[in-house]
Structure formats: C-alpha cells, structure tokens
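K.L.:
Please see the structure below; I have some questions.
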Amino acid sequence: MKILIIGSGGREHAIAWTIKHTSPAAVELFCAPGNAGISEVARLVPISISDHEGLAQFVSQSAIDLTFVGPEVPLAAGIVDLFESKGLGIVGPTSAAARLEASKVFAKDFMARNGVPTAAYAVAETPSAALDLLRSGKFGSSESSVVIKADGLAAGKGVVVANSRDEAEKAITDLMVGHQVGAEAASRIVLEETLTGPEASILLFSDGKDYALMPAARDHKRIGEGDTGPNTGGMGSITDNSIIDDATLQTVVRTMIEPTLLGAQREGFPFKGVLFLGLMLTPEGPKLLEYNVRFGDPETQAILVRLKTDLVSILQGIQNTELGRVRIEWEEGSSACVVAANRGYPGKHDHGEIIEGLDEFDRSKVQIFHAGTAMSDEGKVLATGGRVLGVTAAAPELPDALKRCYEALKIVHWPGVQFRKDIGQARLASGNNG
Numbered sequence: 004m005k006i007l008i009i010g011s012g013g014r015e016h017a018i019a020w021t022i023k024h025t026s027p028a029a030v031e032l033f034c035a036p037g038n039a040g041i042s043e044v045a046r047l048v049p050i051s052i053s054d055h056e057g058l059a060q061f062v063s064q065s066a067i068d069l070t071f072v073g074p075e076v077p078l079a080a081g082i083v084d085l086f087e088s089k090g091l092g093i094v095g096p097t098s099a100a101a102r103l104e105a106s107k108v109f110a111k112d113f114m115a116r117n118g119v120p121t122a123a124y125a126v127a128e129t130p131s132a133a134l135d136l137l138r139s140g141k142f143g144s145s146e147s148s149v150v151i152k153a154d155g156l157a158a159g160k161g162v163v164v165a166n167s168r169d170e171a172e173k174a175i176t177d178l179m180v181g182h183q184v185g186a187e188a189a190s191r192i193v194l195e196e197t198l199t200g201p202e203a204s205i206l207l208f209s210d211g212k213d214y215a216l217m218p219a220a221r222d223h224k225r226i227g228e229g230d231t232g233p234n235t236g237g238m239g240s241i242t243d244n245s246i247i248d249d250a251t252l253q254t255v256v257r258t259m260i261e262p263t264l265l266g267a268q269r270e271g272f273p274f275k276g277v278l279f280l281g282l283m284l285t286p287e288g289p290k291l292l293e294y295n296v297r298f299g300d301p302e303t304q305a306i307l308v309r310l311k312t313d314l315v316s317i318l319q320g321i322q323n324t325e326l327g328r329v330r331i332e333w334e335e336g337s338s339a340c341v342v343a344a345n346r347g348y349p350g351k352h353d354h355g356e357i358i359e360g361l362d363e364f365d366r367s368k369v370q371i372f373h374a375g376t377a378m379s380d381e382g383k384v385l386a387t388g389g390r391v392l393g394v395t396a397a398a399p400e401l402p403d404a405l406k407r408c409y410e411a412l413k414i415v416h417w418p419g420v421q422f423r424k425d426i427g428q429a430r431l432a433s434g435n436n437g
C-alpha cells in the first residue's frame with residue numbers, strides 16, 4: 004500500500020512514524036515535502052503543499068492509495084475537494100468543513116447556530132467598528148481584558164489576549180491596519196470576552212457518521228515559562244487522565260462534539276478527518292475556544308506515541324465511512340512532548356546550526372520528531388525553522404514521561420536552542436483539572 008503525507012512539520016513526522024510502527028501491512032510512505040527526520044521513514048517528494056495540481060499528478064502517476072493532509076492551509080484551500088473530483092483517495096475535511104478553522108467568524112456563528120457553549124463575541128469588519136465595539140462597554144471597562152482574534156488563518160499567531168483597552172486598541176491596529184498576520188487574515192476580527200480556567204485539547208477521528216475520541220491533551224502556547232511572553236505554535240504538550248475528568252468529558256461530548264458533528268451534517272458538510280476542539284474548563288463548565296480541522300502540533304506527537312491500533316486502518320475507516328468498525332486502543336498512562344526551538348522564535352530566529360546528539364539518545368524511551376530541520380550537503384541535520392524538534396515520551400506517570408524528555412534534551416542540542424523547562428508542571432502542581 005502506498006500512502007502520501009502532505010506537510011513538513013513535527014506533526015507529519017509523528018504521523019509517518021506512527022504508521023511505520025503500528026501498521027502490520029507493508030506500507031510504502033511518501034511525504035511532500037517532508038524534512039530531515041521524515042526522510043528516515045518516508046521518501047521525500049519535493050512538491051509544495053500549495054501545489055495541489057502537482058500533488059494530484061504525483062498521486063495519480065505513482066498510484067498512491069491514500070493521501071493524508073497534515074496542515075490546515077491546503078485543507079482550507081480545497082485540496083480534498085480537488086482530489087475527490089479526480090477520484091483520488093484522500094483523508095481530510097472539504098474546504099466547506101475546513102471553514103470551522105479557516106474563519107473564526109464562521110466558527111463562532113456556527114457555534115451560536117448549534118448551541119455550542121462558547122465565549123460571548125462580536126464581529127468587526129473595519130478598525131473603526133472594532134474600536135467602537137471595544138468602547139461600547141460590551142467587553143467591560145477600560146481595565147478589562149478582551150480577546151482579539153483575526154478571522155483567517157494566521158499560523159497560531161492571530162490571537163491576542165489584551166489585558167487593557169490600550170492593549171486591545173494596539174492589537175486591533177496591528178492586525179487590521181499593520182497587517183501583522185496579513186491583510187486577508189485580519190480583514191475581519193472577532194472580539195471575545197475573556198474566559199478563565201485551564202485549557203484542554205480534545206481531538207477525535209470522524210468519518211462523517213461515527214467518531215472516536217483520542218486521549219485529552221494540553222498545549223503550552225506561550226514562549227516563556229509560567230505561560231509568559233508571546234504566543235507560539237506550541238512549545239509543548241501533555242496527555243494525562245487528569246486533564247479532564249469523565250463527567251466533564253461527557254459534558255463536552257453532549258454539548259460540543261455531537262452538536263458540532265450533527266450541525267456539520269445538517270449544514271451540508273459532514274466532517275471527515277481529524278477534528279480538534281480547544282476548550283477552556285471555566286467555573287461555569289467547559290466552553291469552546293476554537294476548532295482546528297486537523298491534528299494539532301505539538302498535541303499530535305504526545306497523542307500518537309500512545310496509539311496501539313494500526314493508524315492506517317483508522318484512516319481507511321474514515322475514508323470508507325467505516326470508522327465504527329475499527330477498534331481503537333491506546334496505551335494507558337501519560338505522555339509529553341517538549342518543543343526545542345531556535346533562539347529568537349517566535350520572532351526573527353537563528354537558522355542553520357548543526358544539531359548534536361541525534362544518534363546518542365535512548366530511542367527505546369524517547370522519540371524525537373523533526374519540525375524545522377534540513378540536511379546539509381555534508382549529511383548533518385540543521386536547525387532551520389522556528390520550532391525545530393519535538394522531544395516526546397510516554398510513561399505510566401506524567402513525571403516519568405517529562406523526565407525522559409528533559410534527559411534527552413541534555414544530549415540533543417545546538418548553540419541556539421531554547422525550550423521551556425516547565426512543560427506539564429502546572430498540571431502536576433494543581434492536580435485534577437489544573
């Protein structure tokens with residue numbers, strides 16, 4: 004069987020590694036465009052994720068049986084629609100379904116239509132309208148915090164939690180006038196009330212009819228320890244049974260997951276693929292912050308190291324609308340992923356230093372998933388991206404998984420490496436639902 008994975012990050016490396024380690028069948032893996040780490044488990048295809056026709060041509064000519072899309076951008080741009088129109092096997096949501104992530108305005112209105120609990124919000128289409136909303140009192144006084152979100156895709160950097168009106172006005176200006184994340188992404192913005200409580204990430208497989216939950220995860224978005232500094236694509240993640248208790252999870256299923264999947268069916272875009280719900284566990288109960296229409300990064304790394312079932316059988320179940328026939332099993336316990344990034348990230352960062360120690364860590368205890376890496380002409384692995392590696396481990400208890408990650412980071416390093424030293428510590432300090 005031939006499978007193509009589209010993408011080049013740590014998420015795609017984790018997907019490729021999981022297929023290789025869970026599938027009993029002979030699978031020939033390809034990845035477009037991939038990275039240095041992915042080249043160990045898949046054949047790299049030098050085609051951009053934005054070249055949908057080129058990818059379709061490769062799939063057709065190479066007799067690829069199934070394509071799986073990692074990132075959100077090609078999904079929003081309609082790669083699934085194109086492949087399906089050509090009769091090519093692909094797993095992922097259509098562009099209509101991908102609007103749940105591609106447009107914050109669409110997503111919030113969808114939540115409202117389908118009774119999904121979320122933060123109070125308002126939409127502004129011009130900077131002046133946004134400033135008027137801000138000053139209207141709807142989002143509290145000049146000292147109140149408010150969340151400002153760009154409507155479109157912004158690589159995880161289009162959300163600002165402003166702690167005062169001055170900060171909010173600056174965020175609106177930066178997004179809508181300064182085009183900090185691009186003119187199109189912030190042509191509209193969403194203003195939201197600020198919610199409080201721990202966050203949780205609930206991911207699920209869906210074939211448009213049936214769904215299956217993955218272990219609950221928690222991301223660490225800010226660059227600095229103690230959740231300080233600017234947002235990033237994610238500096239680490241954990242999975243652990245105490246992230247969300249059974250009763251709360253059942254509330255999430257009843258009030259969020261099932262209304263979302265039924266609403267998508269009713270509105271004409273049954274959801275097929277991986278759906279990600281970013282929640283906040285507020286004192287009033289769980290509320291939905293956002294949808295993602297694909298695996299999260301770095302949640303994927305922490306989640307998939309616990310998968311026991313053949314991932315290919317799950318993807319085929321989604322493709323053939325037979326997910327309900329697949330028994331999906333997970334390793335008990337916990338897992339962690341600590342992201343090693345280049346100095347300067349999430350701003351202008353270092354580029355091109357040699358990564359040492361990649362042959363020296365204990366692969367029986369730790370997996371290292373490559374994100375921003377490339378191979379030099381001399382065969383050395385270089386740290387080229389903002390986020391570079393996802394150091395990942397599973398263990399019966401979370402402290403053990405974290406210890407394995409941090410022990411590996413004493414071995415795997417480069418001069419400009421930075422990583423958070425407190426991944427998972429807030430959960431350990433506060434216990435259940437902390």
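For the sequence shown, our numbering assigns the number 4 to the initial residue and increments by one for each residue that follows. All C-beta atoms, glycine included, are put in the ideal place defined by N, C-alpha and C.
1) Is Ala19 near Ile41, with beta carbons less than 8 Å apart?
2) Taking buried to mean at least 16 other C-beta atoms within 10 Å of its own C-beta, is Glu363 buried or exposed?
3) Quick check: the Cα distance between Ser51 and Gln183, rounded to an integer number of angstroms?
4) CB-CB under 7 Å to Ala165, same chain, minus the five flanking residues each way: which ones, in chain order?
5) Candidates Arg309, Leu91, Gly161, Val277: which alpha carbon is nearest Ala2's?
6) Per the contact definition of three or more C-beta pairs closer than 8 Å, is the stretch 96-114 in contact with the stretch 70-82?
7) I'd like the list of long-range same chain contacts for Leu134, defined as Cβ closer than 7 Å, with 5 residues on each side in sequence excluded.
8) Since Gly299 contacts Ala397 with CB under 8 Å, what's their CB separation in whole angstroms?
9) When the Cα atoms are used, what is the spatial distance from Gln253 to Leu314?
10) Determine which residues share a DSSP beta bridge with Phe33 and list them.
11) With a threshold of 8 Å, are at least 3 pairs of Cβ atoms found where one atom belongs to the stretch 377-393 and the other to the stretch 320-328?
12) Report the partner residues of Ile93 according to the DSSP bridge assignment.
13) Would Gly2 pass as a contact of Ile9 if the rule is Cβ separation under 8 Å?
14) Output yes or no for whether 8 Å exceeds the beta carbon distance between His55 and Leu85.
15) Unbroken alpha helix (DSSP H) runs of length 4 or more, entirely within the stretch 253-318: which are they?
16) Note down, one range per segment and in chain order, each alpha helix (DSSP H) of at least 4 residues found wholly within the stretch 85-134.
17) How big is the Cα-Cα spacing for Pro399 and Asn244?
18) Thinking Ala344 and Arg390 are a contact (beta carbons under 8 Å), I'd like their distance in whole angstroms, please.
19) For Ala305, which residues in the same chain have their Cβ closer than 7 Å to its Cβ, ignoring the five residues on either side in sequence?
20) Pair every Cβ in the stretch 267-286 with every Cβ in the stretch 191-208, then say whether three or more of these pairs are closer than 8 Å.
21) In three-state terms, what does DSSP make of Ser245?
22) Please state whether DSSP places His24 in a helix, a strand or coil.
23) Output needed for Val255: all residues of its chain with C-beta closer than 8 Å, excluding positions within five of it in sequence on either side, in chain order.
24) Quick one: what does DSSP say Phe364 is sitting in, helix, strand or coil?
25) Does the beta-carbon of Ser11 have 16 or more other beta-carbons within 10 angstroms, so that it is buried, or is it exposed?
26) For Val193 versus Val94, is the C-beta spacing smaller than 8 Å?
27) Pull up the distance between the alpha-carbon of Pro262 and that of Gly118, whole angstroms please.
28) Rounded to whole angstroms, what is the Cα-Cα separation between Asn234 and Asp177?
29) Could you name the residues of the same chain whose beta carbon sits closer than 6 Å to that of Ile358, not counting the 5 residues immediately before and after it, in chain order?
30) Can you tell me whether Phe422 is helix, strand or coil according to DSSP?
31) Return the CA-CA distance between Tyr124 and Ala115, expressed in angstroms with no decimal places.
32) Just to check my reading of the structure: Lys311 and Glu293 have Cβ atoms closer than 8 Å, yes? What is that Cβ distance to the nearest angstrom?
33) With 16 as the cutoff for other CB atoms within 10 Å, does Val111 come out buried or exposed?
34) Indicate the three-state DSSP secondary structure (helix, strand or coil) for Arg191 in the structure shown.
35) Can you have a look at Asp249 and say buried or exposed, based on whether 16 or more other CB atoms are within 10 angstroms of its CB?
36) What residues in its chain sit with their C-beta under 6 Å from that of Val438, if we drop five residues either side in the sequence?
P.N.:
Let me lay it out:
1) Within the sequence shown, numbered from 1, the residue matching residue 19 stands at position 16. Within the sequence shown, numbered from 1, the residue matching residue 41 stands at position 38. Yes, they are a contact pair.
2) Residue mapping note: residue 363 aligns to position 360 of the sequence shown, counting from 1. Classified as exposed, Glu363 has fewer than 16 neighbouring CB atoms from the shown chains inside 10 Å of its CB.
3) Working through the sequence shown from its first residue, we reach residue 51 at position 48. Working through the sequence shown from its first residue, we reach residue 183 at position 180. Using only the alpha carbons, I get a separation of about 24 Å.
4) Mapped onto the sequence shown, residue 165 falls at position 162. If we look at Ala165 and ignore the five residues flanking it on each side, its Cβ neighbours are Ser148, Val149, Ile151, Ala171, Ala174.
5) Shown here, the chain extends from 4 to 437; a query on residue 2 therefore has no answer.
6) Counting Cβ pairs under 8 Å, three or more are found: they touch.
7) Here residue 134 refers to the residue found at position 131 when the sequence shown is read from its first residue. Hits under 7 Å: Glu172, Ile175.
8) In the sequence shown, counting from the first residue as 1, residue 299 sits at position 296. In the sequence shown, counting from the first residue as 1, residue 397 sits at position 394. Not quite, the Cβ-Cβ distance comes to about 17 Å (not below 8 Å), so this is no contact.
9) Along the sequence shown, one-based indexing puts residue 253 at 250. Along the sequence shown, one-based indexing puts residue 314 at 311. The straight-line gap separating the alpha-carbon atoms of Gln253 and Leu314 is approximately 25 Å.
10) Taking the sequence shown and counting its residues from 1, one reaches residue 33 at position 30. Beta-bridge partners of Phe33 (DSSP): Leu7, Arg46.
11) Verdict: no, contact absent.
12) Within the sequence shown, residue 93 is the residue found at index 90, counting from 1. Among the bridge pairs identified by DSSP, Ile93 is matched with Thr70.
13) With the chain covering 4 to 437 only, the question about residue 2 has no answer from this structure.
14) Numbered from its first residue, the sequence shown carries residue 55 at position 52. Numbered from its first residue, the sequence shown carries residue 85 at position 82. By the CB criterion at 8 Å, His55 and Leu85 fall inside the cutoff.
15) Whole alpha helix (DSSP H) segments, 4+ residues: 261-269, 302-307.
16) List check, alpha helix (DSSP H) in window: 98-105, 107-116.
17) The count along the sequence shown starts at 1 and reaches residue 399 at position 396. The count along the sequence shown starts at 1 and reaches residue 244 at position 241. Whole-angstrom Cα-Cα distance: 11 Å.
18) Counted from its first residue, the sequence shown places residue 344 at position 341. Counted from its first residue, the sequence shown places residue 390 at position 387. Yes, they are in contact, since the Cβ atoms of Ala344 and Arg390 sit about 5 Å apart, within 8 Å.
19) Taking the first residue of the sequence shown as 1, we reach residue 305 at position 302. Excluding sequence neighbours, Ala305 sits near Ala220, Ser240, Ile241, Thr242, Ser338, Ala339, Cys340, Thr395.
20) A contact between stretches requires three or more CB pairs, one per stretch, nearer than 8 Å, and the stretch 267-286 meets this requirement with the stretch 191-208.
21) As a working mapping, residue 245 is identified with position 242 in the sequence shown. Per DSSP, reduced to three states, the secondary structure at Ser245 is helical.
22) Mapped onto the sequence shown, residue 24 falls at position 21. The answer is helix: DSSP assigns His24 an H, G or I state.
23) Within the sequence shown, the letter at position 252 stands for residue 255. If we look at Val255 and ignore the five residues flanking it on each side, its Cβ neighbours are Ile205, Ile247, Leu280, Leu282, Pro289.
24) The count along the sequence shown starts at 1 and reaches residue 364 at position 361. For Phe364, the three-state secondary structure derived from DSSP is coil.
25) Start at 1 with the first residue of the sequence shown, and residue 11 comes out as number 8. Classification for Ser11: buried.
26) Residue mapping note: residue 193 aligns to position 190 of the sequence shown, counting from 1. Residue mapping note: residue 94 aligns to position 91 of the sequence shown, counting from 1. Not in contact: Val193 and Val94 (Cβ atoms no closer than 8 Å).
27) For the purposes of this step, residue 262 is taken as residue 259 along the sequence shown, with counting starting at 1. For the purposes of this step, residue 118 is taken as residue 115 along the sequence shown, with counting starting at 1. Here the alpha carbon of Pro262 sits roughly 7 Å from the alpha carbon of Gly118.
28) On the sequence shown, position 231 is the one that residue 234 refers to. On the sequence shown, position 174 is the one that residue 177 refers to. Distance between the alpha carbons of Asn234 and Asp177 is about 15 Å.
29) Position 355 of the sequence shown holds residue 358. Taken in chain order, the residues that qualify are Val384, Ala386, Trp417.
30) Against the sequence shown, residue 422 aligns to sequence position 419. If DSSP states are grouped into helix, strand and coil, Phe422 belongs with coil.
31) Along the sequence shown, read from residue 1 onward, the residue named residue 124 stands at position 121. Along the sequence shown, read from residue 1 onward, the residue named residue 115 stands at position 112. Rounded to whole angstroms, Tyr124 to Ala115 spans 10 Å at the Cα level.
32) Counting from 1 along the sequence shown, the entry for residue 311 is found at position 308. Counting from 1 along the sequence shown, the entry for residue 293 is found at position 290. That pair is no contact at about 29 Å.
33) The residue you call residue 111 lines up with position 108 of the sequence shown. Before going on, a small fix: residue 111 reads as Lys here, not Val. That one is buried.
34) Start at 1 with the first residue of the sequence shown, and residue 191 comes out as number 188. Of the three classes helix, strand and coil, the one that applies to Arg191 here is coil, per DSSP.
35) Walking along the sequence shown from the start, residue 249 turns up at place 246. The residue is exposed, with fewer than 16 neighbouring Cβ atoms inside 10 Å.
36) Because the chain here runs from 4 to 437, residue 438 falls outside it and cannot be looked at.
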